[in-house]
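See below for the structure under consideration.
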């Protein structure tokens, strides 16, 4: 079972995260039995300075499945929400679904690399 | 910012809770996946509650709790911390698209208006790299950038940014501007390498062509080729020069043609460039003054 809270970004308004990767990560999270937060698009929330970003960033370790860590960090920052040092950002643009799921969920997050 | 423009960014947030905790039955795997995917594609944040794992605490945003509620035991614990409006809905009998409609109806009910689509394309500043040189403020003709009360650069009018235009990130000498939805690095947020800094800095001359210096370029050319241009009208020459610059911008800075087509008239460009240059100059002076005062107080 994951110790950190989990946040998944669906990057709904662009096709920069491979569709296959984000769908597989979402499916694996959905099947895992673990509670998690999923947002449609972190960029959109950041632009609106959505207070939910503050809520998500506060309160202990957070694992974020989204895109490049530098971008994610400053997206939170521009919404006046600071990711704390315990946060881990997993890049679905560059990593395979299996790697992301393992980092999010540990061994139970393992998925077939051949389809990732 | 006008009322029409601001409404795009003021879309109220409604949080959907997909409840499978105590008092709710677990959904069938395929149904859970479909619901999650459909709600996210429709733009809603979803908190999946189950008996395992931990979620962030509740906030004040309105909540709609979806679940298969066994024996009508509603999950009051989950919503205990929220001050926002809460609605519950049993998912039995509704397919995913009907449930999204219900969420949308709830959102309209609490916000009193329809959602406006906006593709979230805007600059994100990496303040670890930014030196507040104001190059971006001087360059952007659409008024995206501004300064805060301490004269520090900010991306302020995000909905004025032109979709798919990364030009300001290409003129930033510190490679501090990101567009997270851009196709390639480092503007997409990927790591910045030494060679990126050199490559980006070289673009500054091109940016100057668009930001008002077009007229000084014209004057220089006029001196050199007085005879050739003498029979042409100024406006025609300006237009031709502008086209030349714009074509260069399209090729070298990846500015989409539709953004270039939406540029204001040459006079308006000049006015905006002067206004931006004035703001940038004021901000730079204020920064120098602050730096000087800081140095002075240290000594």
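Protein chains in written order, with my numbering: chain A, 1 to 116; chain B, 1001 to 1299. Glycine included, each C-beta is placed from N, C-alpha and C at the ideal position. Being a predicted model, the structure only gives us computed values, none of them experimental.
Residues of the stretch 1029 to 1050 of chain B that bring their beta carbon within less than 7 Å of a beta carbon in chain A comprise 1029, 1032, 1033, 1036, 1037, 1040, 1041, 1043, 1044, 1045, 1046, 1047, 1048, 1049 and 1050, in sequence order. When 9 Å is used as the limit between beta carbons, residue 16/A is near these residues of chain B: 1180, 1181, 1182, 1183 and 1188, in chain order.
If only complete runs of 3 or more residues are kept, the stretch 1146 to 1210 of chain B shows the beta strand (DSSP E) at 1153 to 1155, in order along the chain. Taking a C-beta distance under 7 Å as the contact criterion, residue 1013/B and residue 1050/B do not qualify as a contact pair. Taking a Cβ-Cβ cut-off of 8 Å, the neighbours of residue 1158/B in chain A comprise 47, given in sequence order. Proximity of chain A to residue 1015/B at the Cβ level (cut-off 8 Å) is accounted for by 52, in chain order. At least one CB atom of chain A sits nearer than 7 Å to the CB of residue 1120/B. Interface residue (Cβ-Cβ distance to chain B less than 7 Å): residue 85/A is not classified as such. Assignment of residue 79/A by DSSP, reduced to helix, strand and coil, places it in the coil class. Rounded to whole angstroms, residue 18/A and residue 67/A show a C-alpha spacing of 11 Å. For the stretch 68 to 95 of chain A, residues whose beta-carbon sits nearer than 7 Å to a beta-carbon of chain B comprise 68, 70, 71, 74, 75 and 78. With a threshold of 16 other beta carbon atoms within 10 Å, residue 1292/B falls short and is exposed.
Straight-line measurement puts the Cα of residue 1264/B at about 26 Å from the Cα of residue 1187/B. Of the other Cβ atoms in all chains shown, fewer than 16 fall within 10 Å of the Cβ of residue 1022/B; this residue is therefore exposed. Interface flag for residue 1259/B against chain A is unset, since no Cβ pair is found closer than 7 Å. Contacts with chain A (Cβ-Cβ distance below 8 Å) from the stretch 1122 to 1139 of chain B involve 1122, 1124, 1125, 1126 and 1127, listed in chain order. Per DSSP, residue 63/A is not a residue of any alpha helix (DSSP H); the beta strand (DSSP E) it occupies stretches across 62 to 66. Burial is judged here by how many other beta carbons sit within 10 angstroms of a residue's own beta carbon; residue 1285/B has fewer than 16 and is exposed. Interface criterion not met: the Cβ of residue 1023/B is under 7 Å from no Cβ in chain A. The beta-carbon distance between residue 86/A and residue 57/A, rounded to whole angstroms, is 11 Å. This is too long to meet the 8 Å contact definition. DSSP, read as helix, strand or coil, puts residue 1259/B in helix. With a beta-carbon spacing of about 26 Å, residue 1052/B and residue 12/A fall beyond the 8 Å limit used to define contacts. Counting along the chain, the unbroken alpha helix (DSSP H) around residue 102/A starts and ends at 97 to 105. If you draw a straight line from the Cα of residue 1253/B to the Cα of residue 1198/B, it comes to about 15 Å.
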